[in-house]
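Count the sequence shown with the numbering used here and you get residues 39 to 294, in order. Notes follow once the structure below has been shown.
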Amino acid sequence: MVNARGVALVRRPSPALANGLLTFQTPSAVDIDLAMAQHDAYRAALAAAGWETREVHPLDQAPDGVFVEDTAVVCGGLAVLARPGALERRIEVDSTEEALRNLGLDVLSINEPGTLDGGDVLQVGATVYVGQSSRTNAEGIRQLSLYLAQVGRAVIPVRLGAVLHLKSALTALPDGSVIGLPHLVDPVAFRQVRKAADDNGANVLSVGDEGVLVPISAPRTADQLCELGFSPITVDISEFEKLEGSVTCLSILIPN
Ligand code: CIR
């Protein structure tokens, strides 16, 4: 297939998904067969939007491995391996490194004592906002800033309220505007945030042109995006939402 946009790295769900980490939510029963089917549909939505999906090596022993976004940041042709703030998740990084090297990318790493989760990294044009969360520390942000300066990106740290990652609170739309739940982030970092119509609408994934993946649990946000002239593509990720996952965290998009 000649792909128009680039590669989307994904990792298939572990059968142990239900044992993933929870910070803000209480446990609820996960249907693993449904999770597998939802993951297939998510991949199909990315493919239909012009992305070539490639699998990072499956890691059945890593319940949160499907949330592959947290293991690396790819920006301007440079890949930076994360060092997840949760010790349990550090085993996920090596296999992402392998996938990134197979794509011919230069790979750098966040090193001890830095920690960084990819879910805290929001790219908007040449600006990269990074959440200071329970997973990402100041040293991780400092290291990332130095690396991304090499590709002309400016990093802005963002203090967060009660939220797992920066991208649980805010994400970028195809026109470079930002949508989400402004009360969860330090207002000085962002000039303007469009308030998402649903709590679950803070995390959406721009997939090119006007296309935006939106969880089916955020129907009013899908309508809101439609009215703004975007093309929402709804995906059901209910089984991943039970583990505090969202649409961005299920892939790493690497544009051509
Ligand atoms: C965790 O707590 O690490 C996982 N259960 C959820 C990670 C979601 N990642 C993301 O939003 N980038």
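A virtual CB, placed ideally from N, CA and C, is assigned to each residue, including glycine. All values derive from a computational prediction rather than experimental measurement.
For a test of the three-state rule: what should DSSP assign to VAL300, helix, strand or coil?
Limits of the chain in this structure are 39 at one end and 294 at the other, which puts residue 300 out of reach.
Ligand 1 and ASP98: does the residue's C-beta get closer than 7 Å to at least one heavy atom of that ligand?
The residue labelled residue 98 in the question sits at position 60 within the sequence shown. ASP98 Cβ: outside cutoff for every heavy atom of ligand 1.
According to the Cβ coordinates, are VAL68 and ALA56 closer than 8 Å?
Residue mapping note: residue 68 aligns to position 30 of the sequence shown, counting from 1. Residue mapping note: residue 56 aligns to position 18 of the sequence shown, counting from 1. Result yes, Cβ atoms of VAL68 and ALA56 sit closer than 8 Å.
GLU282 and PHE62 - do their beta-carbons sit closer together than 8 Å?
As a first step, residue 62 is located in the sequence shown; it is residue number 24 there, counting from the start. As a first step, residue 282 is located in the sequence shown; it is residue number 244 there, counting from the start. Yes, these two residues count as a Cβ contact at 8 Å.
Which whole-angstrom value is the C-beta distance of SER215 and ARG232, which I expect to be below 8 Å?
If you number the sequence shown from 1, residue 215 lands on position 177. If you number the sequence shown from 1, residue 232 lands on position 194. With 8 Å as the limit, SER215 and ARG232 qualify as a contact, their Cβ atoms being about 6 Å apart.
Give me the Cα-Cα distance between ALA54 and GLU93, rounded to the nearest whole angstrom.
One-based indexing of the sequence shown puts residue 54 at position 16. One-based indexing of the sequence shown puts residue 93 at position 55. Answer to the nearest angstrom: the Cα atoms are 18 Å apart.
Can you determine whether any heavy atom of ligand 1 sits closer than 7 Å to the C-beta of ALA124, and answer yes or no?
Within the sequence shown, residue 124 is the residue found at index 86, counting from 1. At least one heavy atom of ligand 1 is nearer than 7 Å to the Cβ of ALA124, so yes.
Rounding to the nearest angstrom, what Cα-Cα distance links LEU138 and ALA79 in this structure?
In the sequence shown, the residue the question calls residue 138 occupies position 100. In the sequence shown, the residue the question calls residue 79 occupies position 41. Computed Cα separation, rounded: 23 Å.
Whether or not the segment 145–164 and the segment 176–189 are in contact is what I'm after, with contact meaning three or more pairs of Cβ atoms, one per stretch, closer than 8 Å; do they touch?
Yes, they touch.
Give the range of the beta strand (DSSP E) segment to which ALA46 is assigned.
The residue labelled residue 46 in the question sits at position 8 within the sequence shown. That run of the beta strand (DSSP E) goes 44–48.
In the DSSP output, what is ASP144 paired with across the bridge?
Residue 144 sits at position 106 when you count from the first residue of the sequence shown. Beta-bridge pairing links ASP144 to LEU116.
Can you check which of these residues, VAL285, ILE275, GLU279, is closest to GLN76 by C-alpha distance?
Your numbering for residue 76 matches position 38 in the sequence shown. The option with the nearest alpha carbon to GLN76 is ILE275.
What do you reckon, is the C-beta of THR61 under 7 Å from a heavy atom of ligand 1?
By 1-based counting over the sequence shown, the position of residue 61 is 23. Flag set: Cβ of THR61 near ligand 1.
Taking VAL193 as the reference, which of VAL106, VAL201, GLN230, LEU184 has the closest Cα?
In the sequence shown, the residue the question calls residue 193 occupies position 155. Ranking VAL106, VAL201, GLN230, LEU184 by Cα distance to VAL193 puts LEU184 first.
May I ask you to check if the CB of GLU282 is nearer than 7 Å to at least one heavy atom of ligand 1?
In the sequence shown, the residue the question calls residue 282 occupies position 244. At least one heavy atom of ligand 1 is nearer than 7 Å to the Cβ of GLU282, so yes.
Counting only runs of 4+ residues fully inside the segment 182–270, write out the alpha helix (DSSP H) ranges in chain order.
204–207, 257–265, all fully within the segment 182–270.
Would you tell me roughly how many angstroms separate the C-alpha atoms of LEU97 and GLU130, rounded to the nearest one?
Taking the sequence shown and counting its residues from 1, the one referred to as residue 97 is at position 59. Taking the sequence shown and counting its residues from 1, the one referred to as residue 130 is at position 92. Their Cα atoms are separated by approximately 7 Å.
Going by beta carbon distance, what residues of the same chain come within less than 7 Å of ALA120, once the five residues before and after it are set aside?
Within the sequence shown, numbered from 1, the residue matching residue 120 stands at position 82. Contacts found: ASP108, THR109, ALA110, VAL111, VAL131, ILE148, LEU154, ASP155, GLY156.
Can you give the Cα-Cα distance for GLY199 and ILE292, rounded to whole angstroms?
Residue 199 sits at position 161 when you count from the first residue of the sequence shown. Residue 292 sits at position 254 when you count from the first residue of the sequence shown. Cα to Cα, the separation comes out at about 29 Å.
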